[in-house]
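Protein sequence lines, in the order shown, are assigned to chains R and L.
At position 276 of the first sequence the residue is numbered 283 (this note's numbering), and the sequence of numbers has no breaks.
At position 71 of the second sequence the residue is numbered 76 (this note's numbering), and the sequence of numbers has no breaks.
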Amino acid sequence: MSAEHDALLESLLAGEHRALARVISKIENRAPGYRDLVSELYAHTGNASVIGITGSPGAGKSTLVDKLAETYRERGETVGIIAIDPSSPFTGGAVLGDRIRMASTVGDMDVFVRSMSARGTLGGLSTATADAVKAMDAFGKDKIIIETVGAGQNEIDIVRTADTVAVLVPPGSGDSVQTLKAGILEIADVFVVNKADRSGADRTVQELLEMIDLGEGSGFASAGAGHHGAGAIADDDDIDTDKTESAWRPPVVETVATKGEGVGSLIDELGGHRQYLEDSGTLADRTRMRYAEEIRTLLREDVHTLLQGELERAGGVDALAEAVRRGETDPYTIADDALDPIETCLEELEFEHLEAASNSR
Amino acid sequence: MSQQQGQSIRCLVAKVGLDGHDRGAHVIARAFRDAGFEVIYSGLHKAPEEIVQAAVQEDVDVLGISILSGAHKTLVPKIMDGLEEYDAKDDTLVLVGGVIPDEDKAVLKDEGVAAVFGPGTSIEETIEFVRENAPDR
Numbered sequence: 008m009s010a011e012h013d014a015l016l017e018s019l020l021a022g023e024h025r026a027l028a029r030v031i032s033k034i035e036n037r038a039p040g041y042r043d044l045v046s047e048l049y050a051h052t053g054n055a056s057v058i059g060i061t062g063s064p065g066a067g068k069s070t071l072v073d074k075l076a077e078t079y080r081e082r083g084e085t086v087g088i089i090a091i092d093p094s095s096p097f098t099g100g101a102v103l104g105d106r107i108r109m110a111s112t113v114g115d116m117d118v119f120v121r122s123m124s125a126r127g128t129l130g131g132l133s134t135a136t137a138d139a140v141k142a143m144d145a146f147g148k149d150k151i152i153i154e155t156v157g158a159g160q161n162e163i164d165i166v167r168t169a170d171t172v173a174v175l176v177p178p179g180s181g182d183s184v185q186t187l188k189a190g191i192l193e194i195a196d197v198f199v200v201n202k203a204d205r206s207g208a209d210r211t212v213q214e215l216l217e218m219i220d221l222g223e224g225s226g227f228a229s230a231g232a233g234h235h236g237a238g239a240i241a242d243d244d245d246i247d248t249d250k251t252e253s254a255w256r257p258p259v260v261e262t263v264a265t266k267g268e269g270v271g272s273l274i275d276e277l278g279g280h281r282q283y284l285e286d287s288g289t290l291a292d293r294t295r296m297r298y299a300e301e302i303r304t305l306l307r308e309d310v311h312t313l314l315q316g317e318l319e320r321a322g323g324v325d326a327l328a329e330a331v332r333r334g335e336t337d338p339y340t341i342a343d344d345a346l347d348p349i350e351t352c353l354e355e356l357e358f359e360h361l362e363a364a365s366n367s368r
Numbered sequence: 006m007s008q009q010q011g012q013s014i015r016c017l018v019a020k021v022g023l024d025g026h027d028r029g030a031h032v033i034a035r036a037f038r039d040a041g042f043e044v045i046y047s048g049l050h051k052a053p054e055e056i057v058q059a060a061v062q063e064d065v066d067v068l069g070i071s072i073l074s075g076a077h078k079t080l081v082p083k084i085m086d087g088l089e090e091y092d093a094k095d096d097t098l099v100l101v102g103g104v105i106p107d108e109d110k111a112v113l114k115d116e117g118v119a120a121v122f123g124p125g126t127s128i129e130e131t132i133e134f135v136r137e138n139a140p141d142r
């Protein structure tokens with residue numbers, strides 16, 4: 008590792024906020040050598056509880072996160088917040104506005120708020136988020152909150168970086184069929200009906216409770232399609248994970264974030280889930296699953312980058328796309344041709360050193 | 006490896022003090038976004054220490070302070086001192102926009118402000134200035 012990164016790591020571990028900020032920038036920028044830096048962070052992580060908060064735009068996530076941070080601080084814990092906003096697919100620009108609503112904790116450096124946007128594709132944001140969480144964990148934050156708009160698969164990847172996921176459901180957000188749809192609801196460990204003083208809140212709570220009962224009664228959870236999302240990314244060897252996880256029944260908490268109502272109960276439920284994770288041994292399973300996903304994402308990204316480089320040298324993807332447009336070839340043939348030599352290489356490759364690593368545990 | 010995503014210019018657009026008018030700040034935030042920058046907007050009525058906290062935590066390359074109240078000679082130096090305290094003054098490009106009398110511009114520049122953009126400055130000019138002068142880290 009470079010001397011600059013050594014110094015930066017040292018300052019971060021010593022609790023300098025600017026060093027933490029700079030390390031996260033290096034992670035976001037994929038600055039040269041950032042990977043060595045992140046590698047070094049791992050040895051200092053594992054002490055923070057990581058909480059994911061997601062929900063539709065306007066559900067009140069930022070306000071709730073602000074109140075959560077305030078309450079954790081009153082209890083003497085330090086907080087890191089990663090607020091994720093979308094970026095323009097055209098210019099790459101973004102307006103990151105969640106900070107505005109985090110007013111309760113201004114002037115308190117022990118609440119460290121960092122805004123992030125999707126700068127690239129292919130899991131880049133979830134990798135960057137996971138790495139930024141590592142930086143905050145190593146820094147010594149007790150609670151790390153990841154806040155993101157629940158709009159699609161990308162966000163699901165991001166909140167999976169968390170040990171506990173809270174999904175905000177605004178009152179009156181559709182009939183009961185909506186709650187049966189796959190996606191963001193399946194990953195909830197805790198449901199939050201925010202803006203609970205609005206009409207329709209009771210009905211939304213009722214619908215969520217019915218949905219949770221349905222999930223438990225049908226045995227879906229243990230069949231690997233449960234509402235914990237574990238099944239969705241689990242491999243064959245993870246099936247037992249689902250069985251233990253199905254013992255957790257997601258509670259439904261009502262909050263009015265603007266007034267701070269229900270925030271205490273939410274914190275209790277989040278703590279309860281954490282306790283459950285530890286007592287049931289599920290925390291280890293989840294952590295292992297998360298690392299598995301990190302390894303997969305890194306490999307995907309790296310292979311993609313390698314291929315991208317080769318493609319550039321061969322004249323770029325545009326020329327190939329043009330050939331497809333002219334009807335001279337097709338994407339499948341191109342992909343086969345490009346991957347053929349790689350397959351040959353892989354057959355000759357030996358993963359001995361990796362096997363050694365996985366056997367040593 | 007995986008460096009294709011690269012660096013993006015990060016800006017904090019900040020409203021400091023008591024003036025309650027932020028249309029200009031919105032216009033700038035939007036224009037910066039369209040120029041491909043990552044913009045963090047502070048919201049209205051921020052104290053200098055709040056701006057400093059945001060600038061440090063977000064590790065911004067550029068801090069654009071919009072100020073119309075006439076309190077620039079008290080508020081801007083406080084922000085600059087705060088940045089210095091966190092060792093962030095030297096590599097943050099600080100811009101001030103708003104109604105600043107000519108005789109005050111020199112005062113702000115002495116404090117370390119890189120440029121002062123008064124009424125009538127074109128957006129293109131501002132973006133160009135940021136592109137040319139954003140710190141290379």
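For each residue, glycine too, the CB sits at the ideal point set by N, CA and C.
Given the structure is predicted, the values throughout are model-derived calculations rather than measurements.
Asked                                                                                                                                                                                           : Found
The beta strand (DSSP E) that contains SER46 (chain R), what's its start and end?                                                                                                               : Run containing SER46 (chain R): none in the beta strand (DSSP E); it sits in the alpha helix (DSSP H), 41-49.
So ALA111 (chain L) packs on ASN138 (chain L), CB below 8 Å; how close in whole Å?                                                                                                              : So it is not a contact: roughly 19 Å between Cβ atoms.
Which residues, taken in chain order from the region 55-80 of chain L, show a beta carbon closer than 8 Å to some beta carbon of chain R?                                                       : GLU55, GLN58, ALA59, VAL61, GLN62, GLU63 and ASP64
So which residues on chain L does HIS24 (chain R) lean against when the C-beta distance must stay under 8 Å?                                                                                    : VAL61, GLN62 and TYR91
GLY53 (chain R) and LYS150 (chain R): beta carbons closer than 9 Å?                                                                                                                             : no
Please work out which residues of its chain come closer than 7 Å, Cβ to Cβ, to GLU2 (chain R), disregarding the five sequence neighbours upstream and downstream, and give them in chain order. : Shown here, chain R extends from 8 to 368; a query on residue 2 (chain R) therefore has no answer.
Rank R:GLY104, R:THR78, R:GLU154 and R:PRO178 by C-alpha distance to the C-alpha of THR171 (chain R) and give the top, closest one.                                                             : R:GLU154
Along chain R, which residues have their Cβ under 9 Å away from the Cβ of GLY87 (chain L)?                                                                                                      : Under the 9 Å cutoff, chain R gives no residues; its nearest Cβ is about 11 Å from GLY87 (chain L).
Leaving out five residues on either side along the sequence, give the residues of the same chain with a beta carbon under 6 Å from the beta carbon of ILE341 (chain R).                         : LEU327
Using the Cα positions of LEU216 (chain R) and VAL260 (chain R), report the straight-line distance between them to the nearest angstrom.                                                        : 11 Å
Inspect the beta-carbon positions of ALA101 (chain R) and SER124 (chain R) and report whether they are closer than 9 Å.                                                                         : yes
Who are the neighbours of ASP39 (chain L) on chain R, taking C-beta pairs under 7 Å?                                                                                                            : THR98 and GLY100
Does any residue of chain L bring its CB to less than 9 Å from the CB of ILE31 (chain R)?                                                                                                       : yes
Taking 9 Å as the CB-CB cut-off, is MET116 (chain R) touching chain L?                                                                                                                          : yes
Check whether the region 359-366 of chain R and the region 26-36 of chain L are in contact - that is, three or more C-beta pairs closer than 8 Å.                                               : no
For the region 320-332 of chain R, which residues have a beta carbon sitting closer than 8 Å to at least one beta carbon of chain L?                                                            : none
With a CB to CB cut of under 7 Å and the five nearest residues on each side skipped, what residues in its chain are close to PRO82 (chain L)?                                                   : GLU116
List, in order along the chain, the chain L residues whose C-beta lies closer than 8 Å to that of SER133 (chain R)?                                                                             : Within 8 Å Cβ-Cβ: nothing; SER133 (chain R) doesn't reach chain L, min ~13 Å.
Using 8 Å for Cβ pairs, my map puts ALA195 (chain R) next to VAL174 (chain R). What's the rounded Cβ distance?                                                                                  : 4 Å
How is LYS33 (chain R) classed by DSSP in three states: helix, strand or coil?                                                                                                                  : helix
Select from R:GLU357, R:GLY147, R:MET116 and R:GLY222 the residue whose C-alpha is nearest the C-alpha of LEU19 (chain R).                                                                      : R:GLY147
Can you round the beta-carbon distance between ALA135 (chain R) and ILE58 (chain R) to whole angstroms, since I take them to be within the 8 Å contact cut?                                     : Between ILE58 (chain R) and ALA135 (chain R) the Cβ distance is about 18 Å, and since that is not below 8 Å, they are no contact.
Write down every uninterrupted run of the beta strand (DSSP E) in the region 37-69 of chain L whose length is 3 residues or greater and which is fully enclosed by it, in chain order.          : 43-46
DSSP on GLU23 (chain R), reduced to helix/strand/coil?                                                                                                                                          : coil
What separation, rounded to the nearest whole angstrom, lies between the Cα atoms of THR351 (chain R) and SER69 (chain R)?                                                                      : 50 Å
Consider the Cβ of GLU35 (chain R): report whether some Cβ of chain L lies at a distance smaller than 9 Å.                                                                                      : yes
So ALA34 (chain L) contacts chain R; which residues on that side make the cut at Cβ distance below 7 Å?                                                                                         : VAL102
May I ask you to report which of helix, strand or coil DSSP gives LYS150 (chain R)?                                                                                                             : strand
At a Cβ threshold of 9 Å, is ARG121 (chain R) touching chain L?                                                                                                                                 : yes
Note down, in chain order, every chain L residue with its Cβ under 9 Å from the Cβ of VAL113 (chain R).                                                                                         : LYS51, ALA52, GLU54, GLU55, GLN58 and ALA59
Counting only C-beta atoms, is GLY236 (chain R) closer than 9 Å to chain L at any point?                                                                                                        : For GLY236 (chain R), the pLDDT reaches just 43, beneath the cut-off of 50, and the residue's location in the model is therefore unreliable, although a value from the coordinates is still provided. Not closer than 9 Å to any Cβ of chain L, the Cβ of GLY236 (chain R) fails to qualify, so no.
Around the C-beta of SER206 (chain R), are 16 or more other C-beta atoms found within 10 angstroms, so that it is buried, or is it exposed?                                                     : exposed
Kindly give me the distance between the Cβ atoms of ARG126 (chain R) and GLU35 (chain R), rounded to whole angstroms, as I take these residues to be in contact under 8 Å.                      : 7 Å
With contact counted as at least three CB pairs below 8 Å, one residue from each stretch, are the region 289-301 of chain R and the region 318-335 of chain R in contact?                       : no
Helix, strand or coil for GLY59 (chain R)? Go by DSSP, reduced to three states.                                                                                                                 : strand
Show which residues of chain L have a CB atom less than 8 Å away from the CB atom of THR28 (chain R).                                                                                           : For the record, residue 28 (chain R) in the displayed sequence is Ala; it is not Thr. Under the 8 Å cutoff, chain L gives VAL61, GLN62, GLU63 and ASP64.
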